[in-house]
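S.K.:
Numbering (the UniProt record's numbering), first residue to last: 1 to 373.
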């Protein structure tokens with residue numbers, strides 16, 4: 001594959017993850033040319049120059065639009081706060097660049113629709129940053145479901161919990177602003193929704209309850225500001241084939257650090273997974289004598305592709321940033337016209353549609369059906 005020229009907008013937590021992925025994808029997979037780290041954009045010139053040195057980018061700028069005009073840039077990673085995704089992704093596509101945009105697409109559904117329209121008009125590849133679906137464990141769970149190992153699935157339950165907003169004394173910041181979205185739903189629940197999409201497909205109907213554990217938060221300079229979105233979401237869902245579903249998300253759950261707990265129940269067994277123990281899953285099947293039936297713990301190993309690209313021995317474990325490297329490889333495959341295990345803007349919009357249906361359900365206190373198109 002041709003070596004791609006990379007532009008990066010934003011150098012916070014996710015910006016660094018993207019930089020690590022672009023730096024490592026060729027080393028890990030060996031079947032792609034090493035990307036050229038061309039141009040990096042940050043909020044001010046000094047920070048941009050510093051990050052460019054750290055991340056290995058040749059050029060830096062305080063104006064993200066400079067990346068659009070740079071002929072050496074083929075792909076732009078958008079890793080800024082949610083409310084900036086639409087304008088940046090659309091501008092990049094209109095400039096003829098491929099796009100790797102962090103989730104969610106945009107706080108407003110109309111903006112997400114504009115993003116998809118821009119991608120279709122451009123003919124370029126545009127994918128979302130849903131790295132949890134890239135875990136070799138999740139890929140193997142999908143294969144187990146396809147093989148009918150646990151029989152006919154009748155119920156799926158997924159929970160996402162972290163405690164970065166659990167402290168009522170923590171200062172107000174942008175994730176509690178209405179402009180950033182609904183809160184737990186689109187900042188958070190989109191990740192478990194990406195797992196459900198990759199395993200079962202389109203969510204057909206939802207009814208949601210949202211909660212706000214703290215009505216306001218202190219400001220750094222004194223005073224308080226009202227929290228404008230919800231940190232907790234509880235949702236009942238109907239999945240394809242009559243599967244019942246439950247999704248729960250909580251950004252203020254003390255003790256939870258990176259929990260995405262998936263439980264899938266079938267007519268012949270159960271599968272359990274938790275992202276906090278991302279290198280293993282539990283499997284229960286009804287085969288054999290009842291006296292020996294029980295959950296078995298399976299550790300990831302080289303036969304859980306593409307674990308083997310990182311480590312030749314079982315049980316040693318991958319990490320969060322490794323999933324981003326896999327996601328990067330899938331993006332490169334899509335750009336090359338190959339099959340790709342990615343969530344593109346088309347499927348990303350379906351996740352956005354589900355999130356907005358959940359918010360509508362909460363406002364109207366009723367079930368909301370979700371059209372497939």
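Every residue gets a Cβ at the ideal spot worked out from N, C-alpha and C, and that includes glycine.
May I have the straight-line CA-CA distance separating residue 200 from residue 239, to the nearest angstrom?
M.R.: For the purposes of this step, residue 200 is identified with residue 200 of the chain shown, where counting begins at 1. For the purposes of this step, residue 239 is identified with residue 239 of the chain shown, where counting begins at 1. When rounded, the distance between both Cα atoms is 7 Å.
S.K.: Going by alpha carbons, who is nearest to residue 71 out of 38, 341, 11, 62?
M.R.: Taking the first residue of the chain shown as 1, we reach residue 71 at position 71. Of the listed residues, the one whose Cα sits closest to residue 71 is 38.
S.K.: My parser needs the alpha helix (DSSP H) runs of 4 or more residues fully inside the region 75-158; what are they?
M.R.: The region 75-158 contains these whole alpha helix (DSSP H) runs: 85-94, 109-122, 136-146.
S.K.: Using 8 Å as the threshold, is the region 350-366 in touch with the region 203-219, meaning 3 or more CB pairs across them?
M.R.: yes
S.K.: With three or more beta-carbon pairs closer than 8 Å as the criterion, would you say the region 59-69 touches the region 318-328?
M.R.: no
S.K.: Would you mind stating whether residue 61 and residue 12 have Cβ atoms separated by less than 8 Å?
M.R.: Here residue 61 is taken as the residue at index 61 of the chain shown, counted from 1. Here residue 12 is taken as the residue at index 12 of the chain shown, counted from 1. Not closer than 8 Å, so no.
S.K.: Does DSSP put residue 19 in a helix, a strand or coil?
M.R.: Numbered from its first residue, the chain shown carries residue 19 at position 19. Correct three-state label for residue 19: helix.
S.K.: What is the rounded straight-line gap between the Cα of residue 341 and the Cα of residue 4?
M.R.: Indexing the chain shown from 1 puts residue 341 at position 341. Indexing the chain shown from 1 puts residue 4 at position 4. C-alpha separation (whole angstroms): 19 Å.
S.K.: Do residue 181 and residue 231 have their CB atoms nearer than 8 Å?
M.R.: Position 181 of the chain shown, counting from 1, holds the residue named residue 181. Position 231 of the chain shown, counting from 1, holds the residue named residue 231. No, they are not a contact pair.
S.K.: On the CB-based measure, 16 or more other CB atoms within 10 Å of its CB, does residue 338 come out buried or exposed?
M.R.: Start at 1 with the first residue of the chain shown, and residue 338 comes out as number 338. That one is exposed.
S.K.: Does DSSP put residue 191 in a helix, in a strand, or in coil?
M.R.: Counted from its first residue, the chain shown places residue 191 at position 191. Helix at residue 191.
S.K.: In chain order, what residues of the same chain have a beta carbon less than 6 Å from the beta carbon of residue 367, not counting five sequence neighbours either side?
M.R.: As a working mapping, residue 367 is identified with position 367 in the chain shown. These residues qualify, in order along the chain: 205, 207.
S.K.: For the putative contact between residue 172 and residue 218, defined by C-beta atoms under 8 Å, what is the C-beta separation to the nearest angstrom?
M.R.: For the purposes of this step, residue 172 is taken as the residue at position 172 of the chain shown. For the purposes of this step, residue 218 is taken as the residue at position 218 of the chain shown. Yes, they are in contact, since the Cβ atoms of residue 172 and residue 218 sit about 7 Å apart, within 8 Å.
S.K.: To the nearest angstrom, report how far apart residue 119 and residue 96 are at their CA atoms.
M.R.: Position 119 of the chain shown, counting from 1, holds the residue named residue 119. Position 96 of the chain shown, counting from 1, holds the residue named residue 96. If I take the Cα positions, the gap works out to 10 Å.
S.K.: Within a Cβ cutoff of 6 Å, which residues of the same chain sit near residue 263, ignoring the five residues on either side of it in sequence?
M.R.: Here residue 263 is taken as the residue at index 263 of the chain shown, counted from 1. Here the set comprises 157, 272.
S.K.: Tell me, please, whether the region 282-295 touches the region 303-317 by the rule of three or more beta-carbon pairs shorter than 8 Å.
M.R.: No, the region 282-295 is not in contact with the region 303-317.
S.K.: Compare the Cα-Cα distances from residue 234 to each of 51, 14, 160 and report the closest residue.
M.R.: For this step, residue 234 is matched to residue 234 along the chain shown. Comparing Cα-Cα distances from residue 234 to each of 51, 14, 160, the minimum goes to 160.
S.K.: List the endpoints of the continuous beta strand (DSSP E) containing residue 39.
M.R.: For the purposes of this step, residue 39 is identified with residue 39 of the chain shown, where counting begins at 1. Residue 39 -> beta strand (DSSP E) spans 36-41.
S.K.: Just checking, does the region 347-356 make contact with the region 185-198 on the three C-beta pairs under 8 Å criterion?
M.R.: yes
S.K.: Considering only the beta carbon of each residue, do residue 192 and residue 144 sit closer than 8 Å?
M.R.: Working through the chain shown from its first residue, we reach residue 192 at position 192. Working through the chain shown from its first residue, we reach residue 144 at position 144. In this structure, residue 144 does not lie closer than 8 Å to residue 192 by Cβ.
S.K.: Exposed or buried, residue 134, counting other C-beta atoms within 10 Å across all chains shown (16 or more means buried)?
M.R.: Position 134 of the chain shown, counted from the start, is the residue given in the question as residue 134. Counting Cβ neighbours within 10 Å, residue 134 comes out buried, since at least 16 surround it.
S.K.: Helix, strand or coil: how does DSSP classify residue 273 here?
M.R.: Here residue 273 refers to the residue found at position 273 when the chain shown is read from its first residue. Strand, per DSSP.
S.K.: Count the other CB atoms within 10 Å of the CB of residue 148; is the residue buried (16 or more) or exposed (fewer)?
M.R.: Taking the chain shown and counting its residues from 1, the one referred to as residue 148 is at position 148. By the 10 Å Cβ count, residue 148 comes out exposed.
S.K.: The alpha helix (DSSP H) with residue 334 in it runs from where to where?
M.R.: On the chain shown, residue 334 is found 334 positions in, with the first residue counted as 1. Per DSSP, residue 334 belongs to the alpha helix (DSSP H) from 320-335.
S.K.: Counting only runs that start and end within the region 207-279, where is the beta strand (DSSP E) found for 3 or more residues in a row?
M.R.: 216-218, 224-226, 232-239, 243-250, 259-266, 269-274
S.K.: Compute the beta-carbon to beta-carbon distance between residue 116 and residue 345, rounded to the nearest angstrom, for a pair I have assumed lies under 8 Å.
M.R.: Taking the chain shown and counting its residues from 1, the one referred to as residue 116 is at position 116. Taking the chain shown and counting its residues from 1, the one referred to as residue 345 is at position 345. About 5 Å separates the two Cβ atoms, so the contact holds.
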